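Q: Sequence lines, in order, name chains A and B. All residue numbers for the first sequence refer to numbering that gives the first Met the number 0, where the first residue is 0 and numbers rise by one. All residue numbers for the second sequence refer to numbering that gives the first Met the number 0, where the first residue is 0 and numbers rise by one.
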Amino acid sequence: MDPTLVAVRERPRPPLRVLEYFLVLLRRTFRGTIFTGFLSPLLYLVALGYGLGSLVDRGQGLDGVPYVQFIAPGILVATAMQIGVFDASYPVLGAIRWDRQYHAMLATPVGVRDVVTGHIAGITLRSLLSAVVFLVVAYALRAVPSWTGVLSLVAVLLVTVAYATPMFAIAARAQTDVSFTLVFRLGVIPMFLFSGTFFPVSQLPTAIQPIAYVIPLWHGSSLARDATLGTLSWGMDLLHVGYLLLWCVLGGWLATRTLRRRMVV
Amino acid sequence: MSNPASTTHTPGVLPTGTEVLIEAVGLRKTFGDFVAVDGIDVQVHRGEAFGFLGPNGAGKSSTMRMIGCVSPVSGGSLRILGMDPALDGARIRARLGVVPQQDSLDGELTVRDNLYVYGRYFGIPRAECRRMATELLEFANLTDRADSLVDPLSGGMKRRLTIARALINSPEILLLDEPTTGLDPQARHVLWDRLFRLKRSGVTLVLTTHYMDEAEQLCDRLVVMDKGRIAAEGSPRSLIEQWSTREVLELRFDEDDLSPHARRVEGIGERVEVLPDRLLLYVDDGEAAGRAVHERGVRPLSSLVRRSTLEDVFLRLTGRSLVD
Ligand SMILES: Nc1ncnc2c1ncn2[C@@H]1O[C@H](COP(=O)(O)OP(=O)(O)O)[C@@H](O)[C@H]1O
Ligand SMILES: [Mg+2]
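#1: Would you mind sorting Trp242/B into buried or exposed? The rule is 16 or more other CB atoms within 10 Å of its CB.
#2: Could you compute how far the alpha carbon of Gly268/B sits from the alpha carbon of Asp212/B?
#3: In the DSSP output, which residue or residues are listed as bridge partners for Glu232/B?
#4: Checking 8 Å against the spacing of the C-beta atoms, do Val36/B and Thr62/B come in under that value?
#5: So with CB distances below 8 Å, who are the chain B contacts of Gly110/A?
#6: Apart from the five residues on each side of it in sequence, which residues of its chain come closer than 8 Å, Cβ to Cβ, to Tyr117/B?
#7: Please decide whether Ala6/A counts as near chain B, where near means a Cβ-Cβ distance under 8 Å.
#8: What are the residues of the region 90 to 117 of chain A that lie near chain E, defined by any Cβ-Cβ distance shorter than 7 Å?
#9: Is Thr32/A close to chain B, meaning its C-beta is less than 8 Å from at least one C-beta of that chain?
#10: Give me the subset of the region 16 to 50 of chain A whose CB atoms are less than 9 Å from a CB atom of chain B, sorted by chain position.
#11: Roughly how far, in whole angstroms, is the beta-carbon of Arg295/B from the beta-carbon of Arg263/B, given that I think they are within contact range, below 8 Å?
#12: Is the beta carbon of Gly195/A less than 8 Å from the beta carbon of Ala211/A?
#13: For Pro2/A, name the three-state secondary structure that DSSP assigns.
#14: What is the DSSP secondary structure of Asp212/B, counted as helix, strand or coil?
#15: Cβ atoms of Gly75/B and Leu141/B: under 8 Å apart, would you say?
#16: Who pairs with Leu248/B in a beta bridge, going by DSSP?
#17: Give a yes or no on whether the minimum CB-CB distance between Val131/A and chain B is below 8 Å.
#18: Using the Cβ count rule (16 or more neighbours within 10 Å means buried), how would you classify Asn113/B?
#19: Using beta-carbon positions only, say whether Pro215/A and Ala142/A come within less than 8 Å of one another.
#20: Counting only Cβ pairs nearer than 8 Å, list the residues of chain A close to Leu248/B.
#21: To the nearest angstrom, how far is it from the Cα of Thr208/B to the Cα of Ser60/B?
#22: With a Cβ-Cβ cutoff of 8 Å, do Leu52/B and Ala214/B count as a contact?
#23: Would you report the Cα separation of Arg199/B and Glu47/B, rounded to the nearest angstrom?
#24: Could you spell out the range, first to last residue, of the beta strand (DSSP E) harbouring Asp37/B?
#25: Using the beta-carbon of each residue, which ones in chain B are nearer than 8 Å to Val263/A?
#26: Whole-angstrom Cβ separation of Arg236/B and Asp276/B, contact assumed at under 8 Å?
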């Protein structure tokens, strides 16, 4: 090839190029995503934290913690889960079947792994962006009492990836979007309700408590809560991080493998 | 290579080099037990316009996807730009432009952003992507639609945008899979004009089509493909010379069974083909053949003399029509 052409090329970093596409897209579709991104979680925080919270706090609060401070980190990571699952469902199937953006990407030097990495990074960035806005407002509302609350963004990042990657794999296998509704109803909503978002898992019957411990969201909300309340402890929280990382790695591997099988035929 | 969009005024045709850019030997593609491409041998030289002509299901797209390094080779060997797709896929793709059979544009982005984003996949710097996008919009005659979303564009516009997009990395080989299928005649002619310009500027074109007029218009050389195999190879003219006669006399009848007529005109030309509504007589002199038909007492509804086309070549080689 003409050497001058090679010279003008930047060093190829394909995952970043894919991420750049999602950033361009995010800029275009920003207004539509504001609601799910941070308005909806803020509504939850206000309605439940103050509305329901005024009832809860007539007792002891939860272990002496005002209810709004208890649910703020829960809503934070539950939103991360929702964004992770949703953004890796329809958009992934669409990029395979409808608009076929993945086909366009793979006709260039971009490879399957770059597509997965870039797309997951795009989803994670959007999730983090929403989380930052939410945290700032929650801090202003005194729903986040400790400055270590900023570390809850680590939980947001891990939860987003831990949920987006397996969902990516499901979407990359799907022929139609009918299975997605099932995933949302039977997967996302129960986890949203029973993983320590609105009440401590210890309130559940002892028999089903262990189920919560397998759910990544529970580890995410525990981690985020320790951060926002300023009660981080090395042992427990590193365990949460490790468990979430495990899902990220497994999910990433599964997503890449599934997409390769689908696209490289 | 120079930028195709800016050198469209180069006069004359560049001589076709002998450098082989694509070489397939016994190339195969299978899906499970199904054989889509059944051992084809192809050579494409720098600067030529090479075509795969064949009906739906012939294996054209499967072949193009292997050449585009997005589909692994099932058997035989394939080398592109001197490299092996299995080992150097990304490096080869960096030097190809691809117009897939199905559009893969992003409907939620603007026309300009589609070009920009695609350029970035090649690692082309932002400023150059922007400059190229502007230039290619001009080339594709889409400048006034630059900031509109892609979704509402017409089929022809989308196709032109896809071609423009494929040029953003100044590719050495442009792969076009059925570039004008589904377009109205006017949109097809606009597209052909753009492809002519590219050809003149020296881009190697590889295209598939099931339109014989497209193949005749655009290809220097082509292979006729059917059921995963190559039935014949050559320039449009040499294929017609080799596999057909100079002229064709078409006789139309308003009857169900044309075989009695076929028997009565036998011997007038080299060959008679029986189609559902007409007979094709392959002859050197259509006028004379027409008189001979009349002398034998055959009275068609109408008759027509035309030159042989690639459609006739295909019919001769496979016994079927290209477009059904
Ligand atoms: N991914 C696939 N899985 C199974 N069969 C396929 C696949 N892609 C193409 N085929 C089959 O291979 C044959 C050739 O297809 P294709 O290469 O698309 O032909 P063309 O482009 O000439 O119409 C067709 O019968 C088609 O159904
Ligand atoms: Mg095809």
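Even glycine gets a Cβ: it sits at the ideal position worked out from N, Cα and C. Being a predicted model, the structure only gives us computed values, none of them experimental.
A: With the given structure in hand:
#1: Residue 242/B sits at position 243 when you count from the first residue of the second sequence. Trp242/B comes out buried.
#2: As a first step, residue 268/B must be located in the second sequence, where it is residue number 269. As a first step, residue 212/B must be located in the second sequence, where it is residue number 213. Those two C-alpha atoms are separated by around 24 Å.
#3: Position 233 of the second sequence, counted from the start, is the residue given in the question as residue 232/B. When beta bridges are read from the DSSP output, Glu232/B appears opposite Val222/B.
#4: Here residue 36/B is taken as the residue at index 37 of the second sequence, counted from 1. Here residue 62/B is taken as the residue at index 63 of the second sequence, counted from 1. It is a contact, given that the beta carbons lie within the stated cut-off.
#5: Here residue 110/A corresponds to residue number 111 of the first sequence, with the count starting at 1. What Gly110/A touches in chain B: Gly88 and Ala89.
#6: The count along the second sequence starts at 1 and reaches residue 117/B at position 118. Only residues of its own chain outside the window of five on either side were considered, and among them Arg164 and Ile167 have a CB closer than 8 Å to the CB of Tyr117/B, listed in chain order.
#7: The count along the first sequence starts at 1 and reaches residue 6/A at position 7. Any reading at Ala6/A must be qualified, since the residue scores a pLDDT of 40, below 50, and its modelled position is unreliable; the value itself is stated next. With 8 Å as the cut-off, Ala6/A does not count as an interface residue toward chain B.
#8: In the displayed structure, chain E is absent; the protein chains listed are A and B.
#9: Here residue 32/A refers to the residue found at position 33 when the first sequence is read from its first residue. For Thr32/A, the answer is no, since every Cβ of chain B falls outside 8 Å of its Cβ.
#10: Those residues of the region 16 to 50 of chain A that come within reach of chain B (Cβ to Cβ, closer than 9 Å) are Arg16, Val17, Glu19, Tyr20, Val23, Leu24, Arg27 and Thr28.
#11: Stepping through the second sequence from its first residue, residue 295/B is reached at position 296. Stepping through the second sequence from its first residue, residue 263/B is reached at position 264. Between Arg263/B and Arg295/B the Cβ distance is about 6 Å, and since that is below 8 Å, they are a contact.
#12: Residue 195/A sits at position 196 when you count from the first residue of the first sequence. Residue 211/A sits at position 212 when you count from the first residue of the first sequence. Against a cut-off of 8 Å, the Cβ pair of Ala211/A and Gly195/A comes out as a contact.
#13: Numbered from its first residue, the first sequence carries residue 2/A at position 3. Per-residue confidence for Pro2/A stands at a pLDDT of 42, beneath the threshold of 50, marking its modelled position as unreliable; the derived number appears in the next sentence. Under the three-state reduction of DSSP, Pro2/A is assigned to helix.
#14: Along the second sequence, one-based indexing puts residue 212/B at 213. Of the three classes helix, strand and coil, the one that applies to Asp212/B here is helix, per DSSP.
#15: Within the second sequence, residue 141/B is the residue found at index 142, counting from 1. Within the second sequence, residue 75/B is the residue found at index 76, counting from 1. It is not a contact, given that the beta carbons lie outside the stated cut-off.
#16: Along the second sequence, read from residue 1 onward, the residue named residue 248/B stands at position 249. BP columns for Leu248/B point to Leu280/B and Val304/B.
#17: The residue you call residue 131/A lines up with position 132 of the first sequence. Cβ-Cβ to chain B under 8 Å: no for Val131/A.
#18: Start at 1 with the first residue of the second sequence, and residue 113/B comes out as number 114. Answer is buried; the Cβ neighbour count reaches 16.
#19: Counted from its first residue, the first sequence places residue 215/A at position 216. Counted from its first residue, the first sequence places residue 142/A at position 143. No; because the gap between Cβ atoms is not below 8 Å, this pair is not in contact.
#20: The count along the second sequence starts at 1 and reaches residue 248/B at position 249. Neighbours of Leu248/B on chain A: none; closest Cβ ~46 Å, over 8 Å.
#21: For the purposes of this step, residue 208/B is identified with residue 209 of the second sequence, where counting begins at 1. For the purposes of this step, residue 60/B is identified with residue 61 of the second sequence, where counting begins at 1. Answer to the nearest angstrom: the Cα atoms are 10 Å apart.
#22: For the purposes of this step, residue 52/B is taken as the residue at position 53 of the second sequence. For the purposes of this step, residue 214/B is taken as the residue at position 215 of the second sequence. Taking 8 Å as the Cβ cut-off, Leu52/B and Ala214/B qualify as a contacting pair.
#23: The count along the second sequence starts at 1 and reaches residue 199/B at position 200. The count along the second sequence starts at 1 and reaches residue 47/B at position 48. Those two C-alpha atoms are separated by around 10 Å.
#24: As a first step, residue 37/B must be located in the second sequence, where it is residue number 38. Taken as a continuous stretch (DSSP letters only), the beta strand (DSSP E) holding Asp37/B covers Phe33 to His44.
#25: For the purposes of this step, residue 263/A is taken as the residue at position 264 of the first sequence. Within chain B, the C-beta atoms nearer than 8 Å to that of Val263/A come from Val69, Ser70 and Pro71, in chain order.
#26: Against the second sequence, residue 236/B aligns to sequence position 237. Against the second sequence, residue 276/B aligns to sequence position 277. Arg236/B to Asp276/B, Cβ: 28 Å. No contact.
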